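These notes concern the structure reproduced below.
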Amino acid sequence: MIRPAIKVGLWAMVLMLLTKAQQQQLLQTAQDSIAYGLKHGQALSIDSKDYAPELQQIRASFVTLEIQHQLRGCIGMLEAVRPLIVDIAENAFAAAFRDPRFPPVTAAEYAQLDIHLSILTKPEPMSFYSEEDLLTQLRPNIDGLILQEGSRRGTFLPSVWESLPEPIDFLRHLKQKAGFSSGYWSDSIKVFRYECDIIAE
7 MIRPAIKVGL WAMVLMLLTK AQQQQLLQTA QDSIAYGLKH GQALSIDSKD YAPELQQIRA
67 SFVTLEIQHQ LRGCIGMLEA VRPLIVDIAE NAFAAAFRDP RFPPVTAAEY AQLDIHLSIL
127 TKPEPMSFYS EEDLLTQLRP NIDGLILQEG SRRGTFLPSV WESLPEPIDF LRHLKQKAGF
187 SSGYWSDSIK VFRYECDIIA E
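So in our numbering, spot 1 of the sequence shown is number 7, and the numbers just go up one at a time.
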């Protein structure tokens, strides 16, 4: 199923034009790419020209894998650089076999996987004059954030709000993910905001 967009803007309108069959096609592609990876050690090869124009759009996505509601892998792209259908196939394989936090998915685990696809809007820079000002601008359950300074960067998808519902906790954990201490702050920190729509089984 596809969860309704919280904010109905241009991106949401584009996404909602995906038919149920196209949504299922994206999920099936993710599943098939993992199955192919189990046998061949690489992602399923996709020729985007074989798919509907909506699935050929250049989009950024994340693929999240869970087993019994426990994270089993999550890999994605923050920048849109390839057709959506290709991005899903590549990220599904990477989430199953290349997430450094987990061992590769096994054949026994494959049948237990729940697959969630996050399709991202283009990240937009946020303007703020302090950490407190940034916190007042955050929108729980809507915003995905990218935090970066220098070569360090981390992101949280909007789904992370489910486990970190308070903006201050969300930001502190994101700083730690990016390699900083939870209390770290600098005037050179950059933060970008994006939204997601989720397609799930």
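We put the CB at the ideal spot given by N, CA and C, even for glycine.
Note that the structure is a prediction, hence the values are computed from the model and not measured.
Residue i vs residue j beta-carbon contact at 7 Å
i, j, result
"residue 170", "residue 160", "no"
"residue 43", "residue 102", "yes"
"residue 132", "residue 199", "yes"
"residue 72", "residue 120", "yes"
"residue 207", "residue 33", "yes"
"residue 50", "residue 39", "yes"
"residue 205", "residue 28", "no"
"residue 162", "residue 180", "yes"
"residue 203", "residue 125", "yes"
Top-ranked residue by Cα proximity to residue i, from the options
i, options, result
"residue 194", "163, 157, 182, 202", "157"
"residue 79", "118, 138, 24, 199", "118"
"residue 88", "53, 99, 71", "53"
"residue 173", "192, 148, 126, 187", "148"
"residue 137", "82, 77, 68, 191", "191"
"residue 165", "177, 146, 179, 183", "146"
"residue 114", "41, 202, 83, 31", "41"
"residue 112", "124, 122, 99, 203", "99"
"residue 96", "123, 140, 201", "123"
"residue 139", "31, 197, 26", "197"
"residue 129", "67, 45, 135, 59", "67"
"residue 56", "31, 202, 75", "31"
"residue 63", "86, 141, 116", "86"
"residue 208", "116, 175, 77, 168", "Outside the displayed span of the chain (7 to 207) sits residue 208, for which this structure offers no information."
"residue 155", "134, 168, 143, 185", "185"
"residue 77", "69, 187, 83", "69"
"residue 167", "108, 37, 58, 201", "201"
"residue 83", "45, 187, 150, 59", "150"
"residue 45", "116, 135, 183, 188", "116"
Whole-number beta carbon distance between residue j and residue i, since they are thought to touch under 8 Å
i, j, result
"residue 91", "residue 35", "6 Å"
Short CB-CB distance (under 7 Å) between residue i and chain B
i, result
"residue 45", "The question asks about chain B, but that chain is absent: this structure has only one protein chain."
Whole runs of the beta strand (DSSP E) within the stretch 46-104, excluding any shorter than 3 residues: 66-73, 76-82
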